[in-house]
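Reading through the structure tokens given below for one structure.
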Amino acid sequence: MKISPILFLILLLILPAFAIKTFAGDKKSKKVLTYDDLLPQPDALPPSLTPQQPLRDDIPLTAEVRSHSVNSKLQGIDVSHYQGSINWRKVAGSGEISYVYIKATEGEKLVDATLRQNLIEARQAGLYVGVYHFFRPNVSVQSQFLNFTRNVHPNEVDLIPIVDIEHRGKESLASFRSKLKQFVDKVERHYGVRPILYTSRDFYNKYLSGPFTGYKYMIARYHPEVPELCDNAAFVMWQYTQTGRLPGISHNVDRSCFMDNYTLSDILLYKKR
């Protein structure tokens with residue numbers, strides 16, 4: 002194809018200016034284009050995962066909230082190796098508590114160092130005793146289940162077992178809920194009753210409300226006001242302090258009480274002791 006003299010003249014005027022701007026660099030950007038600039042660039046890396054942040058204490062509640070009452074006469078404690086050696090006869094003799102939950106296991110391998118001693122001596126002292134497992138969402142569900150059930154036989158306890166839920170992990174919410182549901186279902190089949198779920202008010206409101214409303218709960222909130230859950234759910238026990246004191250225990254201990262019309266009969270593993 003022939004190029005007209007006029008078009009040829011125009012090209013001679015334009016091309017040098019274009020080449021100067023391309024290879025000498027634009028004054029504003031002051032960047033010289035290279036071959037690498039023309040290649041497809043990789044996607045930006047996602048931001049690194051940050052540690053789980055403390056949950057807010059002001060999660061909005063529904064417009065109409067349930068009015069709770071506290072049964073201060075029926076109180077209990079939960080203990081682990083953090084309380085050290087406990088004189089269970091003094092604890093029972095104080096008349097301040099009627100039940101105790103003992104930490105049994107955590108994750109797939111940890112067994113609390115004081116489990117056997119606390120379990121035997123608390124029952125010998127005449128207290129109603131239950132155990133709990135600290136759930137780890139980043140650990141195999143089956144491994145956790147075996148760790149829990151191999152270390153405590155149903156005949157050794159009086160109370161419905163508790164699953165302690167305090168961490169969501171770094172996976173998706175759907176994955177966390179799926180693993181937790183698998184674990185509590187296994188515990189239910191093993192003990193013949195749905196386990197009680199322990200968590201904080203805020204953790205329940207943010208992560209458990211909805212798919213886990215059909216369970217009995219012990220709710221932790223260290224505040225003078227009775228906790229309220231976002232879906233008006235009732236809960237059996239309120240862990241109201243982590244700095245309780247009792248004869249026979251030299252360290253602070255978590256204390257809880259029954260709510261509304263709930264009593265010991267609502268948490269007994271077997272109705273007849």
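In my numbering, the protein residues as written are 2 to 274.
Ideal placement from N, C-alpha and C gives every residue a C-beta, glycine not left out.
On a predicted model such as this, the values are computed, not experimentally measured, just so you know.
Check	Outcome
Hey, is Tyr-102's beta-carbon within less than 8 Å of any beta-carbon in chain B?	Going by chain labels, chain B is absent from the structure shown, which holds only one protein chain.
For Ser-1, which residues in the same chain have their Cβ closer than 6 Å to its Cβ, ignoring the five residues on either side in sequence?	The structure shown has nothing for residue 1, since the chain only spans 2 to 274.
Taking a contact to mean a Cβ-Cβ separation below 8 Å, would you say Asp-159 touches His-134 in this structure?	no
Quick one: what does DSSP say Ala-221 is sitting in, helix, strand or coil?	strand
Name the two residues that bound the continuous alpha helix (DSSP H) containing His-154.	Run containing His-154: none; DSSP gives neither H nor E here.
I'd like to know whether the C-beta atoms of Gln-84 and Val-254 end up nearer to each other than 8 Å.	yes
Is it buried or exposed for Lys-180, if we count other Cβ within 10 angstroms and need 16 for buried?	buried
For Phe-285, I'd like the list of residues in its chain whose CB is within less than 8 Å of its CB, leaving aside the five on either flank, ordered along the chain.	Limits of the chain in this structure are 2 at one end and 274 at the other, which puts residue 285 out of reach.
Are Gly-170 and Pro-138 touching if we call contact CB-CB under 8 Å?	yes
Going by C-alpha distance, which of Tyr-216, Tyr-129, Leu-209 and Val-153 is nearest Gln-76?	Tyr-129
Which partner residues does Arg-256 have in the DSSP bridge list?	Ile-78 and Thr-242
Compare the C-alpha of Asn-148 against each of Lys-182, Leu-111, Gly-127 and Ala-123 and name the closest.	Leu-111
Do you know offhand how far Ala-114's Cα is from Glu-107's?	11 Å
Pull the bridge partners of Phe-135 from the DSSP assignment, please.	Glu-107 and Asp-165
Give me whichever residues DSSP pairs with Val-140 in a beta bridge.	Per DSSP, none; premise fails for Val-140.
Using the three-state DSSP reduction, which class does Tyr-208 fall into: helix, strand or coil?	helix
Let me confirm a value: Lys-104 is counted as buried when at least 16 other C-beta atoms fall within 10 Å, else exposed. Which label applies?	buried
What residue from Val-92, Glu-97, Gly-96 and Phe-136 has the CA that sits closest to Glu-122's CA?	Val-92
Closer than 8 Å by C-beta to Asn-152: which residues in its own chain qualify, once you throw out the five before and the five after it? Chain order, please.	Ala-105, Thr-106, Val-112 and Leu-116
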